[in-house]
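In the working numbering, each residue carries its 1-based index in the sequence shown increased by 2. In what follows, a single structure is set out as C-alpha cells and then discussed.
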Amino acid sequence: EPTSTTTDLVPFTPSGWTNPIVAMAYSGKTGEGPLSVSVPTYIGYAFHNEGPDDISDEIDIWVYLYLDGVLVARSRWTGRTAGQIGWVSEWSGLYEVVNVTPGTHTLKIVVDPTDLVLETNEDNNVFEKEFTWKTGPVPP
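Right, dumping it as C-alpha cells:
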C-alpha cells in the first residue's frame, strides 16, 4: 500500500558529481571519465526526499538502474527523512548482467518504480544520461 505523506523522491546530484548518475573506469573517483569495455565500469547514482515529510522506515524505497532499457540493478532503502539522500557510489556489476559493446549507451535510474511512496510529484522520478564506451586501456 502506498504511503499517505507528502514526499517527493527525485534523482539527486551529490557534491562532486556531475549528474545523478556517474560512470567511471576507476574505483574511488567521483567524476565521470572515459569508459572502456576492456576495464570495469563503476556506476554511481543518487536520489533524495525533496518533500517536506519523512518516509517511514517501514516503507521500502526502490531505485532501479537500467542500461538501454534493460534492468541491470535494484537498490532498496528503508525510509528517508525530508532532505535525506540515498546513493550507490560504486556499483561494479554491470558486466556480470549484460554484455556492454563499444558505443553509446543510456544509463537510467527510476526512483520508486513500484509506487510504494505517494509523492507530491510522480513525474520527476527518472533521470537518464548517455555514456560512451570505447575499447582498450583508460588513462587514470
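Each residue gets a CB set at the ideal place from its N, CA and C atoms; glycine is no exception. If you're wondering where the values come from, they're calculated on a predicted model, not measured in any experiment.
Between V100 and V128, the CB-CB gap reaches or exceeds 8 Å. Boundaries for Y47: no alpha helix (DSSP H) harbours it, while the beta strand (DSSP E) harbouring it runs 44-51, taken from the DSSP string. Distance from the CA atom of S94 to the CA atom of M26, rounded to whole angstroms, is 10 Å. Nearest C-alpha to T116 among P36, S77, S91: S77.
With a cutoff of 8 Å on beta-carbon distance, W19 and G46 are scored as near each other. The straight-line gap separating the alpha-carbon atoms of G71 and Y97 is approximately 15 Å. Of N126, T106, I111, the smallest CA-CA separation from P36 is found for T106. Under the DSSP assignment, L73 falls in the beta strand (DSSP E) whose first and last residues are 72-82. Counting of Cβ neighbours within 10 angstroms places P139 among the exposed residues, the total staying below 16.
E132 sits in a strand when the DSSP states are folded into three classes.
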